Amino acid sequence: MEATQEASILATIRSLPTNYRAQGRREEAEEVQNALEEAGKRSSVDCITVVGLLHDLVVTYLKRGRWKAAEDLGKIVVESRTSLFGEEHPSTVTAMGNLASAHWGQGHWSDAAALGSRVVETRKKLLGEEHPRTLTSMTNLASIYSSQGRWEAAEELEIQVLEAKRRTLGEEHPSTLSSMGNLATIYGNLGRYSEAEDLGKQVIKVSSEVLGASHESTITRKSNLASIYRDQGRLDDAEALELKVMEARTASQGPDHPLTLTAMANLASTYRDQCRWADAAGLEKQVVETSRRTLGNDHPQTLMSLCNLSLTYRGLGLLTDAEDLGMEAWTTMKEGLGEQDPLTLIAMSNLALTYHSQGRLNDAESLTLEALDKMQNTLGSDHPHTLSAMANLVSIYESQGRWEAAEQLNEQVVRRRRSTLGDQHPHTRASMEDLLRIYRVNVADGVT
Numbered sequence: 002m003e004a005t006q007e008a009s010i011l012a013t014i015r016s017l018p019t020n021y022r023a024q025g026r027r028e029e030a031e032e033v034q035n036a037l038e039e040a041g042k043r044s045s046v047d048c049i050t051v052v053g054l055l056h057d058l059v060v061t062y063l064k065r066g067r068w069k070a071a072e073d074l075g076k077i078v079v080e081s082r083t084s085l086f087g088e089e090h091p092s093t094v095t096a097m098g099n100l101a102s103a104h105w106g107q108g109h110w111s112d113a114a115a116l117g118s119r120v121v122e123t124r125k126k127l128l129g130e131e132h133p134r135t136l137t138s139m140t141n142l143a144s145i146y147s148s149q150g151r152w153e154a155a156e157e158l159e160i161q162v163l164e165a166k167r168r169t170l171g172e173e174h175p176s177t178l179s180s181m182g183n184l185a186t187i188y189g190n191l192g193r194y195s196e197a198e199d200l201g202k203q204v205i206k207v208s209s210e211v212l213g214a215s216h217e218s219t220i221t222r223k224s225n226l227a228s229i230y231r232d233q234g235r236l237d238d239a240e241a242l243e244l245k246v247m248e249a250r251t252a253s254q255g256p257d258h259p260l261t262l263t264a265m266a267n268l269a270s271t272y273r274d275q276c277r278w279a280d281a282a283g284l285e286k287q288v289v290e291t292s293r294r295t296l297g298n299d300h301p302q303t304l305m306s307l308c309n310l311s312l313t314y315r316g317l318g319l320l321t322d323a324e325d326l327g328m329e330a331w332t333t334m335k336e337g338l339g340e341q342d343p344l345t346l347i348a349m350s351n352l353a354l355t356y357h358s359q360g361r362l363n364d365a366e367s368l369t370l371e372a373l374d375k376m377q378n379t380l381g382s383d384h385p386h387t388l389s390a391m392a393n394l395v396s397i398y399e400s401q402g403r404w405e406a407a408e409q410l411n412e413q414v415v416r417r418r419r420s421t422l423g424d425q426h427p428h429t430r431a432s433m434e435d436l437l438r439i440y441r442v443n444v445a446d447g448v449t
């Protein structure tokens with residue numbers, strides 16, 4: 002590389018602290034400045050060393066869930082390493098993989114999928130299809146596809162990964178078990194519950210034998226199986242397993258750990274499905290209070306706990322409290338995550354549900370339409386969140402007595418859910434049953 006190119010890269014990097022301060026991002030400015038000062042302490046300072054330190058900072062951001070910081074700095078690292086080494090150098094490809102993860106965390110799933118695909122193809126070419134790093138990249142890409150609701154594409158990738166790991170690592174290797182668990186989750190999201198349950202139980206059995214019943218990976222697989230039970234409506238089975246998961250995580254991680262809070266939130270979700278609103282509210286209040294104290298008011302996990310408690314308050318008929326919490330979550334997410342972030346859109350859609358329950362049908366319709374438009378643009382028309390928002394809008398139309406509009410929209414929901422989830426998925430069946438009810442109303446009213 003020419004000296005002028007290295008000088009240009011270093012100039013860009015050295016300007017970052019000043020640029021971050023101008024944007025009010027003082028913490029990131031200080032962190033980059035510290036990295037530059039660390040580089041300056043070394044006997045020989047070159048461009049490669051400085052970029053390497055920034056790459057380490059990106060990894061730190063990813064581990065802490067600071068997606069925006071990781072994304073912004075990750076772009077600079079990728080551009081710098083591409084200039085220094087070329088697109089197919091291992092260091093560049095690693096930086097690309099980290100940037101794809103940052104895109105994923107930001108909800109920029111199209112960008113994540115595009116970059117993740119490049120990483121997979123490059124690693125296949127350079128390392129081979131069964132190299133551990135190639136398989137890791139494929140697993141990451143499958144996760145991105147899952148976030149996009151592209152379950153069949155995720156399934157195809159995860160099956161390839163699982164078969165390769167079985168050949169190279171064996172059936173009982175922890176990495177193989179992880180892939181089996183991932184595939185079981187995908188089957189559940191596809192509504193293929195029998196396959197999901199069989200594979201999930203197999204993973205738990207082997208994981209318990211190889212790693213131990215109290216190992217974190219085993220507990221995670223039990224949590225995933227409980228979710229499969231809940232999605233099938235097997236709420237007693239889900240509750241029993243989630244109680245065990247919560248007790249295990251409290252014992253191993255402590256009552257304030259994020260994983261313990263997640264277990265509590267999952268159990269509360271089952272209580273909601275059982276209409277045990279008071280039990281759900283009791284757990285969710287604990288989750289909110291602990292999340293605020295340990296993670297902060299602006300942390301995504303805290304904000305989602307507010308959304309969950311808002312839903313429970315709605316079930317209890319505490320609509321003012323539900324609105325206040327829902328509004329707090331949505332407003333904070335807009336400021337911290339951005340208006341297009343998937344979590345922001347979920348909070349927006351949930352707030353519209355509260356408006357619906359309050360009888361504020363015009364407000365509910367307006368907010369749902371806005372959320373739906375943004376979901377279609379950012380997530381796609383067939384994403385599960387988008388289809389849920391469409392189903393919510395159908396319900397609003399029904400409450401408004403706009404049965405023709407409800408029929409036309411629900412026909413789209415049914416068609417898309419049958420295509421993406423299959424005929425037997427609970428969401429598909431619920432939409433089909435609602436559509437039949439709408440048909441009966443329209444026939445009775447003489448609407449053709």
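In our numbering, the protein residues as written are 2 to 449. Glycine included, every Cβ here is placed at the ideal spot set by N, Cα and C. Small disclaimer: the values here were computed from a predicted structure and weren't measured.
query	result
Please report how far the alpha carbon of Asp274 lies from the alpha carbon of Ile439, in whole angstroms.	24 angstroms
For Leu74, tell me which candidate among His104, Ser306 and Gln149 has the shortest Cα-Cα distance.	His104
Where His357 and Lys76 are concerned, what is the direct C-alpha to C-alpha distance, given to the nearest angstrom?	42 angstroms
Could you check whether Ala227 and Leu242 sit closer than 7 angstroms to each other, using their CB atoms as the reference points?	yes
Taking Cβ positions, are Ser389 and Leu362 nearer each other than 7 angstroms?	no
Would you call the CB atoms of Leu200 and Trp152 closer than 7 angstroms?	no
With a Cβ-Cβ cutoff of 7 angstroms, do Ile229 and Glu248 count as a contact?	no
So, does the region 327 to 347 touch the region 367 to 382, judging by three or more C-beta pairs under 8 angstroms?	yes
For Arg124 versus Thr135, is the C-beta distance shorter than 7 angstroms?	yes
Does the distance from the C-beta atom of Ser138 to that of Val121 stay below 7 angstroms?	yes
In chain order, what residues of the same chain lie with their CB nearer than 7 angstroms to the CB of Ala323, ignoring the 5 residues before and after it?	Ser311, Tyr314, Arg315 and Thr355
As a quick exercise: from Leu116, Phe86 and Gly87, pick the residue whose alpha carbon is nearest that of Met97.	Leu116
Go ahead and pull the three-state DSSP assignment for Ser195.	helix
Leu85: which of Thr50, Gln107 and Leu422 sits nearest, CA to CA?	Thr50
Taking the beta carbon of Arg82 as the centre, do at least 16 other beta carbons fall within 10 Å, making it buried, or is it exposed?	buried
Looking only at its own chain, which residues have a Cβ that is under 7 angstroms from the Cβ of Val246, when we skip the five neighbours before and after it?	Ile220, Lys223, Ser224, Ala227 and Ala264
Between the Cα of Leu422 and the Cα atoms of Glu80, Leu55, Ala113 and Ala154, which residue gives the shortest distance?	Ala154
Given this structure, state the Cα-to-Cα distance separating Val289 from Glu130, to the nearest angstrom.	44 angstroms
Please tell me whether, using a cut-off of 6 angstroms, the distance from the CB of Glu434 to the nearest non-hydrogen atom of the ligand SAH is below it.	In the structure shown, the ligand SAH is absent, as is every other ligand, since no ligand is present at all.
I need the straight-line Cα distance from Gly182 to Gln24, nearest angstrom please.	42 angstroms
Just to confirm, are Leu436 and Val415 a CB contact at a threshold of 7 angstroms?	yes
Could you tell me the alpha carbon to alpha carbon distance between Arg441 and Arg418, rounded to whole angstroms?	21 angstroms
Which value, in whole angstroms, describes the spacing of the CA atoms of Leu380 and Ala392?	16 angstroms
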